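What follows is a set of notes on a single structure, which appears directly below.
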Ligand code: HSE
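Residue numbers (our numbering): 258 to 686.
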């Protein structure tokens with residue numbers, strides 16, 4: 258017998274309208290494959306939003322009170338594409354509690370309250386899917402959840418923020434200033450409404466939290482790891498890295514070291530021949546090392562109406578497929594809330610370190626002694642006096658542990674009038 262799932266959607270913005278349009282276009286194909294017809298019947302919008310024509314065209318009832326969706330027994334699935342934490346969290350909890358499946362694109366919500374939401378979904382025997390929350394149009398979460406079942410992931414490196422990748426590409430290729438590159442990214446609509454989350458790495462950190470759950474089944478929180486964005490990044494460091502054969506990229510990293518997890522979001526030097534170096538402008542790329550497949554990379558648009566909406570509709574199609582088979586509502590992935598972190602002395606990386614100091618050979622001597630004292634080998638990339646009369650020294654270290662790096666940084670920062678202006682991990686080929 259033919260089934261029908263009725264959907265209520267929260268938000269008819271860029272992604273919401275895309276979801277309605279894609280379902281109108283692909284709904285028949287989904288119905289043929291799953292035996293389930295997906296129909297969006299209601300859309301929640303804010304009073305004053307002019308969506309009357311769009312609603313008429315797609316036979317949607319516009320509503321202004323969430324209860325018209327969460328308390329409507331005829332609605333089986335709720336799609337949340339309004340963003341932000343509040344009131345999205347309360348709305349999603351209300352839907353799950355009243356037995357509705359939920360599809361959302363909200364990475365902030367999943368990263369911060371995922372465990373509570375997943376537990377509520379499990380308790381109420383409904384599915385909670387959020388493929389669009391990480392890397393927009395790249396089907397990375399379902400790939401991690403389903404296609405690595407016979408493999409063991411050891412490292413995930415992601416260019417997962419389109420805004421900052423666009424900015425870095427424009428800075429290096431067009432010589433654009435940081436400010437101009439940000440203004441252009443905002444104009445093109447890649448940035449969050451408050452671009453702080455983009456440029457300070459917070460958006461990438463939310464996605465790294467979610468990727469860690471999917472890669473290792475381990476939960477972590479954004480406060481558990483270092484998050485550094487590209488705010489104020491100097492073009493001189495980007496250009497120097499380029500002369501050494503590296504592209505500077507904002508990388509969300511999560512790796513397994515022993516039985517623990519090490520995560521970080523920070524700008525890093527990516528060798529020009531590494532597949533991630535080829536990810537330009539607003540595109541995203543997720544590079545995975547695993548013991549079985551070895552290396553694989555997933556590339557695509559990380560934002561935008563159609564790519565993000567396509568991921569949302571795919572989640573809807575999976576819910577339809579589960580219904581068609583009369584299966585109990587499955588969850589996206591299982592993860593433990595117990596946190597096991599890698600021991601910092603076991604986490605190794607080479608570093609690019611740019612320093613600014615008083616132009617006094619004695620100070621440079623002290624820094625060199627600190628490096629030797631902590632057994633850090635390095636080579637000098639630059640050593641010159643700046644226009645301001647300071648000495649700028651840039652070194653590239655051999656791999657050293659997080660502990661050694663921390664000791665060295667603390668020692669250098671104690672030296673008068675000396676500061677580390679940039680420190681970036683150097684990725685392996
Ligand atoms: N501001 C985000 C980005 C949008 O630039 O990637 C997609 O999450």
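Positions of the beta carbon are idealized from the N, C-alpha and C atoms, including for glycine. Because the structure is a prediction, the values reported are computed rather than measured.
Smallest Cα separation from residue 622: which of 462, 669, 447? 669
Given a threshold of 16 other Cβ atoms within 10 Å of its Cβ, counted over all protein chains shown, does residue 572 qualify as buried or as exposed? buried
So what's residue 435 in DSSP terms, helix, strand or just coil? Residue 435 falls in the helix class under three-state DSSP.
Hey, would you say residue 659 sits closer than 9 Å to residue 596, going by beta carbons? no
From residue 397 to residue 459, what does the alpha carbon distance come to, in whole angstroms? 19 Å
Beta carbon of residue 434, beta carbon of residue 579: below 9 Å? no
Rounded distance between the beta-carbons of residue 652 and residue 637, thought under 8 Å: The C-beta distance from residue 637 to residue 652 rounds to 6 Å, short enough to meet the 8 Å contact threshold.
Inter-stretch contact (C-beta, 8 Å, three-pair minimum) for the region 402 to 411 and the region 477 to 496: Not touching, per the Cβ criterion.
Could you pull out every residue in the same chain whose Cβ sits closer than 8 Å to the Cβ of residue 635, ignoring the five residues on either side in sequence? 610, 628, 652, 653, 654, 655
Measuring from each Cβ to the nearest heavy atom of ligand 1, keep the ones under 6 Å and list them in chain order. 393, 418, 419, 420, 447, 448, 449, 455, 460, 559, 560
Here's the rule I'm using: 16 or more other beta-carbon atoms within 10 Å means buried, otherwise exposed. How should residue 641 be labelled? exposed
Anyone know if the C-beta pair for residue 536 and residue 506 falls short of 9 Å? yes
Per DSSP, what kind of secondary structure is residue 558 in: helix, strand or coil? In this structure, DSSP gives residue 558 an extended state, which the three-state scheme calls strand.
For a test of the three-state rule: what should DSSP assign to residue 541, helix, strand or coil? Residue 541: strand per DSSP, three-state reduction.
Apart from the five residues on each side of it in sequence, which residues of its chain come closer than 6 Å, Cβ to Cβ, to residue 462? 479, 484, 522
What are the residues that DSSP puts in a beta bridge with residue 671? The partner list for residue 671 (beta bridge, DSSP) is empty, contrary to what the question assumes.
For residue 574 and residue 632, what's the separation of their Cα atoms in angstroms? 55 Å
Checking 9 Å against the spacing of the C-beta atoms, do residue 613 and residue 682 come in under that value? Not in contact: residue 613 and residue 682 (Cβ atoms no closer than 9 Å).
Nearest neighbour of residue 554, chosen from 504, 417, 266, 345 [CA to CA]: Ranking the options by Cα distance to residue 554, first place goes to 417.
Should residue 261 go down as buried or exposed, given a rule of 16 or more other Cβ atoms within 10 Å for buried? exposed
By how many angstroms is the C-alpha of residue 671 removed from the C-alpha of residue 387? 45 Å
Anyone know if the C-beta pair for residue 307 and residue 341 falls short of 9 Å? no
Nonlocal neighbours in the same chain, by C-beta distance under 6 Å from residue 590, ignoring five residues either side: 402, 471
Are residue 394 and residue 630 touching if we call contact CB-CB under 9 Å? Using a Cβ distance threshold of 9 Å, residue 394 and residue 630 do not count as a contacting pair.
Rounded to the nearest angstrom, what separates residue 356 and residue 657 at their Cα positions? 51 Å
Which residue comes first and which comes last in the beta strand (DSSP E) that contains residue 610? 605 to 614
Could you check if residue 686 is buried or exposed, using at least 16 other CB atoms within 10 Å of its CB as the buried criterion? exposed
Alpha carbon to alpha carbon, how far is residue 552 from residue 491? Give it in angstroms, no decimals. 31 Å
Short of 6 Å in beta carbon distance, which residues of its chain neighbour residue 268, apart from the five on each side in sequence? Order them along the chain. 338, 339
Can you name the start and end residues of the alpha helix (DSSP H) that residue 618 belongs to? 618 to 630
Leaving out five residues on either side along the sequence, give the residues of the same chain with a beta carbon under 6 Å from the beta carbon of residue 331. 263
Here's the rule: buried if 16 or more other CB atoms are within 10 angstroms of the residue's CB, otherwise exposed. What is residue 545? Label assigned to residue 545: buried.
Taking 8 Å as the cut-off, does the region 365 to 379 touch the region 279 to 297 (at least 3 CB pairs, one atom from each stretch)? By the C-beta criterion, the region 279 to 297 is judged not to be in contact with the region 365 to 379, since fewer than 3 inter-stretch pairs fall below 8 Å.
Would residue 566 and residue 284 qualify as a contact pair, given that the criterion is a beta-carbon distance under 9 Å? no
Using CA coordinates, which residue listed in 547, 512, 497, 531 is at the minimum distance from residue 679? If we check each option's Cα against that of residue 679, 497 comes out closest.
Are the beta-carbon atoms belonging to residue 336 and residue 419 less than 9 Å from one another? no
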